[in-house]
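Data block below; observations after.
Numbering (our numbering), first residue to last: 2 to 337.
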C-alpha cells in the first residue's frame, strides 16, 4: 500500500513537469527556423518508442526467459484478439489527440495551449460519471465551474492582446478548436482506458503494448492520408534533428506516465496535477517566446490553479464522535 502511494505521488509529480516541458517544446519545435518536420510522423515515432519501452518493461518484470517473453506477448496480444481490440478505441483516440495537440501548438502560444487543454479535466469528470459511475462532491463541481471561468478569461486575454486581424483570428480559432477537440478525446480515452486497466489482471505495460499494436498502424494511415504529398516529396524523417528526437522521447514518456497514473491514481486527479504545470509554462514562455501577460491572463490562470486545490483537497465534514455509554459497575454494597 505504501509502495503504491509512493508510485502515485512520484508519477503525478513527474507527469506535471513533463506536461509543462512538453507544451513549451512542441511550441518551440513548430516555430523553429529551418526544415519543418512532419508532425504526424513524430506521433508515430512516439508510439514506436512507447511500444519498445513497454516491451522492455514486460520482459524485465514478467518474463522468466526470452522464450517465455515471446510466449507471453504472443499469448496476450495475438491469441486474445478480442481483448486486444478492447483498446482499439483509446488507441485511435490518443493518435488523433496527439496530432491535434501539434496543430494547437502551431497556432497558439504554449501557455494558452497548456491552460486551454486543462478543459480535459471537465470532460474527464463527465465521462467518469457516465462510464465509471463515479460521484463528485459539490465542491468538486464548483471547482470545475471555476476551471471553466478561468479558461474563459485566458481566451479573453488573447483576444484583447492580439488586437484583431482576420488571418490571426483564423489561426487562433484553428488552434482553439484543435485544443478543445483534444480535450474531449483525452477525457474519453483516459476514462475508457482506466476502465480497461482496473477491470483486468493484465499489467499496464502489456496494455501499453496492446495500445501500440493498434496505434502504430492507425498513426501510419493517418500520416499517409494527411501528409502523403510531403512524405513522397521529402521522406518520412524530413526535418528531423536532435530536438525533434528529444520531443518524441518526451511525448513517449508522457504516454508511459499516464498509464501509471491511471493505474495507481485516477484520471481526474491526473488532470488536476497536470494543471500545476501552468505556472512553469507561463514563466518559461515569458523568457523563451516573449509571451506578454496581462490582467485577464493572470486572473484566469489563478482561477484554474485555485480549482486545482479546491478539487484536490476535499472539504472535511465535521462529525460528532460516538462514545458508547459505560455502565457503572455495581459493588456488593449497592445490593445491601
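For glycine and all other residues, C-beta sits at the position ideal for the given N, C-alpha and C.
The beta carbon of residue 258 sits closer than 7 Å to the beta carbons of 12, 15, 16 and 19 from its chain, once the five residues preceding and following it are set aside; these are given in chain order. DSSP places residue 202 in no alpha helix (DSSP H); its state is neither H nor E. Straight across, the Cα-Cα distance linking residue 230 with residue 224 is about 10 Å. By the beta-carbon neighbour count (other beta carbons within 10 angstroms, threshold 16), residue 52 is buried. Taking residue 308 as reference, the option from 38, 149 and 8 with the minimal CA-CA separation is 149.
Of all C-beta pairs linking the region 88-106 to the region 287-303, fewer than three are shorter than 8 Å, placing the two stretches out of contact. With a cutoff of 7 Å on beta-carbon distance, residue 111 and residue 25 are scored as near each other. For the pair residue 301 and residue 147, the Cα-to-Cα distance works out to about 9 Å. A buried status is given to residue 249, since no fewer than 16 other beta-carbon atoms sit within 10 Å of its beta-carbon.
Per DSSP, the unbroken alpha helix (DSSP H) holding residue 130 starts and ends at 121-132. In this structure, residue 189 sits away from residue 238, with a CB-CB distance that is not shorter than 7 Å.
Its Cα nearest to that of residue 153, the residue 118 stands out among 126, 289 and 118. Going by C-alpha positions, residue 28 is about 12 Å away from residue 285. Counting along the chain, residue 64 sits inside no alpha helix (DSSP H), nor does DSSP assign it H or E at all. Taking residue 90 as the centre and dropping the five residues before and after it, the same chain places the C-beta of 193 closer than 7 Å to its C-beta, in chain order. Taking 7 Å as the cut-off, the beta carbon of residue 120 is found no closer than this to the beta carbon of residue 182. Less than 7 Å separates the beta-carbon of residue 304 from that of residue 151.
Contact between residue 96 and residue 219 holds: their C-beta atoms lie close to 5 Å from each other, under 8 Å.
Here residue 31 carries a helix assignment [DSSP, helix/strand/coil].
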